[in-house]
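Trainee: Residue numbers (this note's numbering): 1 to 576.
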Ligand code: ARG
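#1: When you compare only the Cα positions, how much space is there between residue 423 and residue 185?
#2: Cβ-heavy atom distance between residue 331 and the ligand ARG below 6 Å?
#3: Looking at residue 421 and residue 458, is the spacing between their C-beta atoms short of 7 Å?
#4: Check residue 87 in the structure and name its three-state DSSP category.
#5: Closest to residue 162 by CA distance: which of 364, 231, 20 and 221 is it?
#6: If I follow the unbroken alpha helix (DSSP H) through residue 321, where does it start and stop?
#7: Could you check which residue in 415, 143, 60 and 87 has the C-alpha nearest to that of residue 16?
#8: Using only the alpha-carbon positions, how far apart do residue 336 and residue 497 sit?
#9: Can you tell me where the beta strand (DSSP E) holding residue 327 begins and where it ends?
#10: List the endpoints of the continuous beta strand (DSSP E) containing residue 77.
#11: So the candidates are 2, 112, 31 and 555; which of them puts its Cα closest to the Cα of residue 327?
#12: If we count the other Cβ atoms within 10 Å of its Cβ and call it buried at 16 or more, is residue 372 buried or exposed?
#13: Which class does residue 375 belong to by DSSP, given the choice of helix, strand or coil?
#14: With a cut-off of 8 Å, do at least 3 Cβ pairs link the stretch 84 to 100 to the stretch 120 to 139?
#15: Could you check if residue 405 is buried or exposed, using at least 16 other CB atoms within 10 Å of its CB as the buried criterion?
#16: Which one or two residues does DSSP pair with residue 358 in a beta bridge?
#17: In the structure shown, what three-state DSSP assignment does residue 1 receive?
#18: On the three-state DSSP scale, how would you describe residue 413?
#19: Hey, which unbroken runs of the alpha helix (DSSP H) at 4 residues or more fall wholly within the stretch 422 to 494?
#20: Is residue 613 near residue 250, with beta carbons less than 7 Å apart?
#21: Is residue 149 near the ligand ARG, in the sense that its beta carbon is under 6 Å from a heavy atom of that ligand?
#22: Within its chain, find whatever has a CB closer than 6 Å to the CB of residue 275; leave out the 5 residues flanking it on each side and keep chain order.
#23: Less than 7 Å between the beta carbons of residue 569 and residue 427, yes or no?
#24: Tell me whether residue 251 counts as near the ligand ARG, meaning its Cβ is closer than 6 Å to at least one heavy atom of that ligand.
#25: Rounded to whole angstroms, what is the Cα-Cα separation between residue 255 and residue 403?
#26: If you pair each beta-carbon of the stretch 261 to 274 with each one of the stretch 287 to 299, do three or more pairs fall below 8 Å?
#27: What residue does the alpha helix (DSSP H) around residue 156 start on, and which one ends it?
#28: I'd like to know whether the C-beta atoms of residue 252 and residue 156 end up nearer to each other than 7 Å.
What follows is the structure in structure tokens.
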């Protein structure tokens, strides 16, 4: 989309005898609309040309008498040069660019095609997929989409938690107490029960913990029956996880879990030893990180088995070697922030520059308002239950709306809409605020058709599509006959601005790893659109030219809304 700021800077550059790039940086957006769309403070110019800034502003203005079509007026106000865009030109450009079939709104291009690894989801095998794991899953997918849209080559990694002493525990519990029928029927539930049973029994029986450690050691040595059992747990769990990923339309490029990296750890240990970084401490092997103000990082336990951190170190070196990433992002909850600092610091201390390309993208905790949520496990809320309930509640609302409208939707159509709205409501709740903030779920809030919610955005979109349908436009293709000349009201300008600056929001969201910036932008667009729709006749305007142009504006809003929602992983519906 046209960068009007850069365009203005290029226009001003010769008159100011100044680099256009620098002028772009100097241009400001004034606090009030009366002061123009952009304003150039002339202080820096004044210093270089040894004149008063007021003087500079006036002389610039006099040099700029032949205005380009996109500028309506240039005025001075003391030391400022105020630039007023031509609203009609601006809106027409914004609308036609949003409807450009060659280029999706907000799409960028990046020359560095080394991959950006987005590691997210990474659930633990044999544990329920709860609403905390949903945060990394939904946030990670949104980030992957935003990076892709910006033009990066993205690889989605799932670092499955499929290793560690807990598998020793699971093997011990499995051999003693497993109920095969339950395991078949609901594997994760049964595995989780076994895990809980182990901990209960271990309180009474001091033999269990050491046995579990031994079983994990045997697993890490590739012995039987541990390896076969572990594979079975892993496959059963993956079957469940994959069902969720499919439902959320998430596909990973790499599902190497922690176990995959275990064989690479001896090489890591050698490397650390050669660099004299490894120290023995109470039988364990550690790397001291005093100079980073961090506690030491354990690499090997006293029994020689690997731990979470060492597997992460091995994973980074493996990824660097095989993928040569330009960025390696970890979408993992904030409580693991120390862990990642230590892992990155060990690599930095060992001289690996790629440590600087690794970043922990943390996020807050998730709670449910009130306790009215039935869960299978008692206290843990599973994502699947949350999704099912959100979909069921959405389905009820759609059914009521449909009845009121006289029933234009079929049952199958309502099912699809309910699935998208329900999932969207959950996804949006995770994504609408800065990621480090804690989230409190509440049904009233999440499904409020008038709040800052996915249902509101989806409803706005569907409403706009319905206007278009009534006018005979069934897709969002631009109408070659529309000249877009009649758009210029304040509310149209507001919409035009939100269309034109969608680019910036996507860009900023990517820079800050904050998908909420996209959410915020389309939220604003939807609210502005609804106001416009409430105050401006679109279908009923008598002027044919007007009607045509306004319909194009509606299409453009739809296209940007849809693109924004898709970047958050949310699918639109044309009717609801
Ligand atoms: N499986 C871990 C958990 O559920 C998260 C893994 C995060 N990724 C990593 N590379 N350490 O807590």
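Glycine included, every Cβ here is placed at the ideal spot set by N, Cα and C.
Mentor: The answer reads as follows:
#1: Taking the chain shown and counting its residues from 1, the one referred to as residue 423 is at position 423. Taking the chain shown and counting its residues from 1, the one referred to as residue 185 is at position 185. Cα to Cα, the separation comes out at about 25 Å.
#2: Position 331 of the chain shown, counted from the start, is the residue given in the question as residue 331. Flag unset: Cβ of residue 331 not near the ligand ARG.
#3: In the chain shown, residue 458 corresponds to position 458, counting from 1. In the chain shown, residue 421 corresponds to position 421, counting from 1. Yes.
#4: Against the chain shown, residue 87 aligns to sequence position 87. Three-state DSSP puts residue 87 in a helix.
#5: The residue you call residue 162 lines up with position 162 of the chain shown. Closest by alpha carbon: 231.
#6: Within the chain shown, residue 321 is the residue found at index 321, counting from 1. Counting along the chain, the alpha helix (DSSP H) containing residue 321 begins and ends at 308 to 323.
#7: Locating residue 16 in the chain shown gives position 16, where the first residue counts as 1. Of 415, 143, 60 and 87, the residue nearest in Cα terms is 60.
#8: The residue given as residue 336 occupies position 336 in the chain shown. The residue given as residue 497 occupies position 497 in the chain shown. Cα-Cα distance, rounded: 40 Å.
#9: As a working note, residue 327 is residue 327 in the chain shown. First-last of the beta strand (DSSP E) with residue 327: 327 to 331.
#10: For this step, residue 77 is matched to residue 77 along the chain shown. Where residue 77 is concerned, the enclosing beta strand (DSSP E) stretches over 71 to 77.
#11: By one-based count along the chain shown, residue 327 stands at place 327. Among 2, 112, 31 and 555, the Cα nearest to that of residue 327 is on 112.
#12: Stepping through the chain shown from its first residue, residue 372 is reached at position 372. Here residue 372 scores only 49 on pLDDT, less than 50, and its place in the model should not be relied on; the value that follows carries that caveat. Looking at its Cβ environment, which holds fewer than 16 other Cβ atoms inside 10 Å, residue 372 is exposed.
#13: On the chain shown, residue 375 is found 375 positions in, with the first residue counted as 1. In this prediction, residue 375 has a pLDDT of 45, which is less than 50 and means its spatial position is unreliable; nothing more can be read from the coordinates.
#14: no
#15: Mapped onto the chain shown, residue 405 falls at position 405. Per the 10 Å Cβ criterion, exposed.
#16: Indexing the chain shown from 1 puts residue 358 at position 358. According to DSSP, residue 358 bridges with 328.
#17: Counted from its first residue, the chain shown places residue 1 at position 1. It is coil, neither helix nor strand.
#18: Translated into positions along the chain shown, residue 413 becomes position 413. In this structure, residue 413 counts as helix in the three-state DSSP scheme.
#19: 443 to 446 and 454 to 470
#20: In the structure as shown, the chain begins at 1 and stops at 576. Residue 613 is therefore absent and cannot be evaluated.
#21: As a position in the chain shown, residue 149 is number 149, starting the count at 1. No.
#22: Taking the first residue of the chain shown as 1, we reach residue 275 at position 275. Contacts found: 350.
#23: Working through the chain shown from its first residue, we reach residue 569 at position 569. Working through the chain shown from its first residue, we reach residue 427 at position 427. Cβ distance < 7 Å, so residue 569 and residue 427 count as in contact.
#24: On the chain shown, position 251 is the one that residue 251 refers to. Flag unset: Cβ of residue 251 not near the ligand ARG.
#25: Looking up residue 255 in the chain shown gives position 255. Looking up residue 403 in the chain shown gives position 403. Roughly 45 Å separates the two Cα atoms.
#26: yes
#27: Here the question's residue 156 lines up with position 156 in the chain shown. No alpha helix (DSSP H) contains residue 156, which is instead part of the beta strand (DSSP E) from 154 to 157.
#28: In the chain shown, the residue the question calls residue 252 occupies position 252. In the chain shown, the residue the question calls residue 156 occupies position 156. A contact, by the Cβ cut-off of 7 Å.
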